[in-house]
Each structure stands twice: as C-alpha cells, then as structure tokens.
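Heads up, the thing below is written out as structure tokens.
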Amino acid sequence: MVAVLGVLVVLLLVILGVASRSTGSDALDIRAARPDGARALAEILRARGIAVSAAQTLPAHAGAGEPRRTLVVLEPGRLNHDELTDLLSQVWQGSDVVLVAAGDAVLDALDVGVRLSDDPPSAQDGVPRCALPEATTAGSTTLRGGRAYTRAETDRRADMSLLLCYGNPPAAARLAVLTPDVAAVPGGGQSGRLVLLGSAGLLTNQELDQDGNAALALGLLARHSGLSWITPVADASDGVGSRSLVDLLPAGVRVACLQVIVLLVLLALWRGRRLGPPVAEPLPVVVRAAETVEGRGRLYAVARARDRAADALRAGARVRLAERSGLPVRSGPAGPAGPAGPAGPDPISLVASVAERTGRSPSEIGSLLYGSGMPPRSHPGPGPVGHIVDQVQTRDLPPSPKWPSGASPGALAGPPGRRGAKPGRADADLLALALALDDLDRQVGGR
Numbered sequence: 003m004v005a006v007l008g009v010l011v012v013l014l015l016v017i018l019g020v021a022s023r024s025t026g027s028d029a030l031d032i033r034a035a036r037p038d039g040a041r042a043l044a045e046i047l048r049a050r051g052i053a054v055s056a057a058q059t060l061p062a063h064a065g066a067g068e069p070r071r072t073l074v075v076l077e078p079g080r081l082n083h084d085e086l087t088d089l090l091s092q093v094w095q096g097s098d099v100v101l102v103a104a105g106d107a108v109l110d111a112l113d114v115g116v117r118l119s120d121d122p123p124s125a126q127d128g129v130p131r132c133a134l135p136e137a138t139t140a141g142s143t144t145l146r147g148g149r150a151y152t153r154a155e156t157d158r159r160a161d162m163s164l165l166l167c168y169g170n171p172p173a174a175a176r177l178a179v180l181t182p183d184v185a186a187v188p189g190g191g192q193s194g195r196l197v198l199l200g201s202a203g204l205l206t207n208q209e210l211d212q213d214g215n216a217a218l219a220l221g222l223l224a225r226h227s228g229l230s231w232i233t234p235v236a237d238a239s240d241g242v243g244s245r246s247l248v249d250l251l252p253a254g255v256r257v258a259c260l261q262v263i264v265l266l267v268l269l270a271l272w273r274g275r276r277l278g279p280p281v282a283e284p285l286p287v288v289v290r291a292a293e294t295v296e297g298r299g300r301l302y303a304v305a306r307a308r309d310r311a312a313d314a315l316r317a318g319a320r321v322r323l324a325e326r327s328g329l330p331v332r333s334g335p336a337g338p339a340g341p342a343g344p345a346g347p348d349p350i351s352l353v354a355s356v357a358e359r360t361g362r363s364p365s366e367i368g369s370l371l372y373g374s375g376m377p378p379r380s381h382p383g384p385g386p387v388g389h390i391v392d393q394v395q396t397r398d399l400p401p402s403p404k405w406p407s408g409a410s411p412g413a414l415a416g417p418p419g420r421r422g423a424k425p426g427r428a429d430a431d432l433l434a435l436a437l438a439l440d441d442l443d444r445q446v447g448g449r
C-alpha cells in the first residue's frame, strides 16, 4: 500500500512539473522572445500602428466616441459568468473578442450555439474550407491541434452568423467566427466578432512564420487600432472553467486509482473472510512452575538484585522447613517478603527445631536462614528461667563453629572454601547460598 501511494505521489509530481513547464510565465507572453512567447506577433502589430498592451483584467467598455479594439483572452475558463457576458456585450458594441482554447464551460456560459466537437482530427485540418476572407487569404496553416468546435444541436442564437474553418467543418473546426447581424447591432453601427481559436500555437514565435500563420493571425487581430492581450490571474477560484486537482489528473491516473481501490477492497475481503460470526472463547493460560522460577530468576539477574534473590531463597527455605517441622508457617513476626508472604514462621522456634533435627549449631542455622542477624522478636526476650530452659533444650547440640577472623554471624554458612563471604553480593556467593540451603533442606527431610 505504501509503495502504491509513493508511485502515485511521484506520478502526480511529474505531471505537475510537466504542466508547470508547459504553462510557464513566458508562454504566450507578448514580451517573451522564447519559442513559446508571442513577442514577434506583438512587434508586427505595433509596426502596423496598433497599440498592443498586456493586462490581467478586462478593460472597461469603450465609450460612444472611443475607437473599437480587439480583446485576446488566454485561459478564458478563469473568467466568471459575468465577465464572459461582459465580453459578449462588447462584441455587440463593435469590439472583437478572441478566445483561445475555450472549453465547454465557457461555451455554455456564452450560449452562442457552439460546442466542442467529439470527431477525431483530420489530416487536412490546415486547409481553410470556409469563406472567411482572412482564412482564404492565409490559406494553409498549422492550425491542426487543440480543440475543435461544431454547431450545437439547438442553435439558440439566431441573431449571430457562424463560420467554421480549418478542419472538417461543420463536424469539427479549429476556428469558429461568430458575427452579430447588422440589423441587431445597436445604432446600426459596425459590429464586432467573437472568434474561437482552438489552439494558440500559430500565435507563438516558433510557428508564426510557418505556412499562412502570420497572415491568419494578422487578419484576426489587426481589425482595430488597439489590442489588449489579457491573461487572467491563475488564482481565480470563481472561473467557469476552474478545475480541482483531481480534474487536472489524466484519465489514466484516475482509472489506475480506481483499480487500486478495487484491489484493496478485494484484498480486505480475502484477508477478512470468516466461516461464521466470531465466538469468544476463554483460553486458560497454564505456566509451568519451572518456567515461573526461571523467569523470576532472569528478572533478578537483569536487575542485578542478588540481595533480593538471596532473601527469596531464604524465605522459601524457611517455609519448607517450617512445614516439615510441623510449625505454623505464618505465626511468626513480619519478615522479608517472599513466597511465604509478608509474615513467616517464628524464627526462634524454627532455628531451634532445625538445629535439633540436623545436629548443627543454632547460630549457623540462624545465619543461613536469616542472613546477617535474626529478625526482631515479637515478644520480650526470655528471663532467667527461659535461658535455663533454652540451655536444657540445646544441651545435646554440637557447639557453635569458630568463625574466621573478621567474619560475622551473618556470613554465609556454605562450604569451607566460601565461609566468610557476604551472601547476595556476588553470583558465586548466591550459588553457594543456594547449595547450602538445599543441603539443609535435604538434611531436615531425611531425618
């Protein structure tokens, strides 16, 4: 989809670039000497005493005593309905109006009984084939491309005569000249003409000297002493021939876009097809205990939380040892959070029970299960009688081991080679703690 949109954008930019080159600021400019300019024609008209001027708006109506003039309008589709009606009224007042490449919208607004022809171009389009004096004098021209005109099916302007020249008249003509009847002209004066020129090629510097182009151009434009070369502004949005960006695209691009849309719809139907309506079905998620342990271990490893991992190992060992010793799992004071929850077994009872079952020193068991120091008691310490009872209960246990110099009771109770290391500070210490807890678990379970 992205690739298709990219191709369309590139194609649109190319079309706009070509259009901007073909309709540049020098095209048909009477001051431009480039091949697509019209300076040569303007200079010839000035040499014949005709005042040639360029404008972007329509001039005011000529007064009763003012001389008539010729108005050449490029891009007449940029004019609105009122401006086109004003041009037609100037024709009735004696001025000549030449519209270059007028389209259907302009012809409909003028309502002069002429429409665009659908007939294909002929090989003899450059032959006059009419009785217009200017065309007869010019003879063959290069007026072969552009738009072709023909008489409308219903001629609603009986007060104007129509001559069709160059092409295959009356089916298709590159030049249409409409002249008001003398009897219908106000005051009985000289009437003007409305000239529809299908193409502006013969007016350019490049084609003016070919065949009879110059003679035809001078015959159509040199009838009055003044000539206004009018190019309406390009940003006029109320013109009868204004077109959107979609209208400017060639028909092939629109057909291609339609095909792409149909393809996308078919693709959506293919990928979205179903055998029936969707049915909601709850799917239980089963995770093996080994995966849970492995996942938790990887989280601890990524976070480098060795202390938290050591606390979790000790908490799990305390729960298992309490269950095997028949002690309440959650009867003790609040301890480190772990698998046993926010509270664990009573540390004094647990250490004494495990020491009795394994024959190991209570201090070693306490350091192994609770790290550096026992958790705080939930009740005051024992009195003299309690000390005597504790000594009697532990009289058969072996004496506490001698800790190396600098080691604390919270040091790791692991293998001899790892004694004195700080649990939870290195991976090797953590591994040694896990092995020591596992060995203690086996000792309690085997007795």
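One rule links them: number in this note's numbering = place in the sequence shown (from 1) + 2.
Built from N, CA and C at the ideal position, the CB exists for glycine as well.
For Asn215, the enclosing alpha helix (DSSP H) starts and ends at Asn215 to Leu223. Inter-residue distance for Gly228 and Val54 is about 6 Å (C-alpha atoms, whole angstroms). Per DSSP, the continuous alpha helix (DSSP H) segment holding Arg298 begins and ends at Ala291 to Ala305.
For Pro349, the enclosing alpha helix (DSSP H) starts and ends at Pro349 to Thr360. For Ala150, the number of other beta carbons within 10 angstroms of its own is at least 16, and it is reported as buried. The continuous beta strand (DSSP E) containing Ala175 extends over residues Ala174 to Pro182. Per DSSP, the continuous alpha helix (DSSP H) segment holding Val321 begins and ends at Arg308 to Ser327. Minimum Cα-Cα distance from Val12 among the listed residues Thr144, Val255 and Arg80 corresponds to Val255. Residue environment analysis places Gly361 among the exposed positions, since fewer than 16 neighbouring C-beta atoms fall within 10 angstroms of its C-beta. C-alpha of Gly39 to C-alpha of Leu47: approximately 15 Å in a straight line.
Pairing Leu134 with Met162 gives a Cβ-Cβ distance that is not under 8 Å. If you draw a 10 Å sphere on the C-beta of Thr152, you find 16 or more other C-beta atoms in it, and that means buried.
Nearest neighbour of Ala317 by Cα position, chosen from Leu204, Leu435, Leu266 and Ala292, turns out to be Leu435.
Here Ile232 carries a strand assignment [DSSP, helix/strand/coil]. Look at Asp431 here: in three-state DSSP terms it is helix.
By a beta-carbon distance limit of 8 Å, Ala178 contacts Leu198. Their separation comes to about 4 Å.
If you compare the alpha carbons of Ala430, Ala174, Val99 and Ala34 with that of Arg308, the shortest gap goes to Ala430. For Ile263, the number of other beta carbons within 10 angstroms of its own is below 16, and it is reported as exposed. In the three-state reduction of the DSSP assignment, Ala202 falls in the coil class. Taking Val102 as reference, the option from Leu196, Glu45, Arg70 and Ala56 with the minimal CA-CA separation is Leu196. Cβ contact annotation for His63 (same chain, cutoff 6 Å, sequence separation greater than five): none.
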